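Visitor:
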């Protein structure tokens with residue numbers, strides 16, 4: 434019998450547009466099926482038996498994945514990517530249509546061997562948030578970006 438090796442969630446790397454970015458965390462990969470007919474019966478038969486039918490109508494696309502990075506004093510590359518797609522009237526570069534790119538999340542085992550890759554197709558940064566400023570705080574200042582993702586593909590290595 435083969436050994437079962439579990440995978441830790443704390444060994445990963447994130448690439449966006451072919452460039453690797455150091456991140457604190459990634460969340461939001463969530464693929465859900467769309468269905469029709471599951472909420473209501475379609476017929477009643479002898480002895481009051483209800484007939485139901487559930488049909489697949491595809492999967493939800495355009496999901497949001499969230500990435501969080503610790504703010505570094507000399508590194509604002511992720512923010513610059515976000516700003517590139519913002520309209521010029523809001524202080525951005527106004528290049529929305531040029532901001533679609535692929536990304537990936539690579540997961541490593543305890544021996545630093547690649548075990549899973551999540552390919553994120555046609556991503557675009559659509560949200561930005563900075564963590565709380567707190568005089569009594571003990572946490573790092575972080576920035577969180579929301580990526581709208583066309584599709585997610587999981588590959589086992």
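Residue numbers (this note's numbering): 434 to 590.
Cβ coordinates follow ideal geometry from the N, Cα and C atoms, glycine included.
Predicted model only: the values in this text are computed from it and were never measured.
1. Can you check whether the CB of residue 547 is closer than 8 Å to the CB of residue 582?
2. Please go through the stretch 495–580 and give each complete beta strand (DSSP E) segment of 3 or more residues, from N-terminal end onward.
3. Exposed or buried, residue 475, counting other C-beta atoms within 10 Å across all chains shown (16 or more means buried)?
4. Name the DSSP beta bridge partners of residue 446, please?
5. Which residue marks the beginning of the beta strand (DSSP E) containing residue 458, and which one marks its end?
6. Which residues bound the beta strand (DSSP E) around residue 492?
7. Can you give the Cα-Cα distance for residue 576 and residue 485, rounded to whole angstroms?
8. Give me the residue from 559, 545, 492 with the minimum Cα distance to residue 532.
9. Any idea what DSSP makes of residue 473, helix, strand or coil?
10. Which same chain residues end up closer than 6 Å to residue 562 when comparing Cβ atoms and leaving out the 5 residues on each side of it in sequence?
11. Look at the alpha carbon of residue 493 and the alpha carbon of residue 469, and state the distance between them as a whole number of angstroms.
Guide: Let's see:
1. By one-based count along the chain shown, residue 582 stands at place 149. By one-based count along the chain shown, residue 547 stands at place 114. No, the Cβ-Cβ distance between residue 582 and residue 547 is not below 8 Å.
2. 496–503, 534–541, 547–563
3. In the chain shown, the residue the question calls residue 475 occupies position 42. By the 10 Å Cβ count, residue 475 comes out exposed.
4. As a first step, residue 446 is located in the chain shown; it is residue number 13 there, counting from the start. Paired residue(s): 539.
5. Numbered from its first residue, the chain shown carries residue 458 at position 25. Per DSSP, residue 458 belongs to the beta strand (DSSP E) from 458–460.
6. To locate residue 492, count along the chain shown from 1; it is residue 59. Run containing residue 492: 488–492, per the beta strand (DSSP E) assignment.
7. Here residue 576 refers to the residue found at position 143 when the chain shown is read from its first residue. Here residue 485 refers to the residue found at position 52 when the chain shown is read from its first residue. Approximately 47 Å, taken between the alpha carbons.
8. Numbered from its first residue, the chain shown carries residue 532 at position 99. With distances taken between Cα atoms, residue 532 lies closest to 559.
9. Within the chain shown, residue 473 is the residue found at index 40, counting from 1. Three-state DSSP puts residue 473 in coil, outside helix and strand.
10. By one-based count along the chain shown, residue 562 stands at place 129. If we look at residue 562 and ignore the five residues flanking it on each side, its Cβ neighbours are 577.
11. Position 60 of the chain shown, counting from 1, holds the residue named residue 493. Position 36 of the chain shown, counting from 1, holds the residue named residue 469. The alpha-carbon atoms of residue 493 and residue 469 are separated by roughly 13 Å.
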